[in-house]
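Residue numbers (my numbering): 15 to 94.
Set out below in structure tokens:
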């Protein structure tokens with residue numbers, strides 16, 4: 015979110031998502047957007063770690079255990 019300059023100014027919301035692998039290199043690029051407010055941004059390759067757990071998080075303190083478990087796993091697997 016890019017906030018507006020004041021209480022009555024509009025904010026800009028940026029929403030990003032991955033395109034299917036059929037539109038990722040070395041395959042052809044996705045179709046061009048038909049709306050001028052939509053852009054396709056190509057980012058450099060990265061490695062991400064994801065930890066899935068059941069339920070909802072209602073406070074930051076509830077994230078401590080899942081984050082610790084993910085970090086322990088990554089350390090055991092020698093991911094840097």
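Yeah, the Cβ is synthetic: ideal placement off N, Cα and C, and Gly gets one too.
- Query: Taking just the CA atoms, how far does residue 86 sit from residue 28?
  - Reply: When rounded, the separation of the alpha-carbon atoms in residue 28 and residue 86 is 32 Å.
- Task: Return the first residue and the last residue of the alpha helix (DSSP H) that residue 65 is part of.
- Result: No alpha helix (DSSP H) holds residue 65; DSSP gives it neither H nor E.
- Message: Short of 8 Å in beta carbon distance, which residues of its chain neighbour residue 71, apart from the five on each side in sequence? Order them along the chain.
- Response: Closer than 8 Å at Cβ, skipping near neighbours: 77.
- Query: Would residue 53 pass as a contact of residue 44 if the rule is Cβ separation under 8 Å?
  - Reply: For residue 53 and residue 44, no; Cβs fall outside 8 Å.
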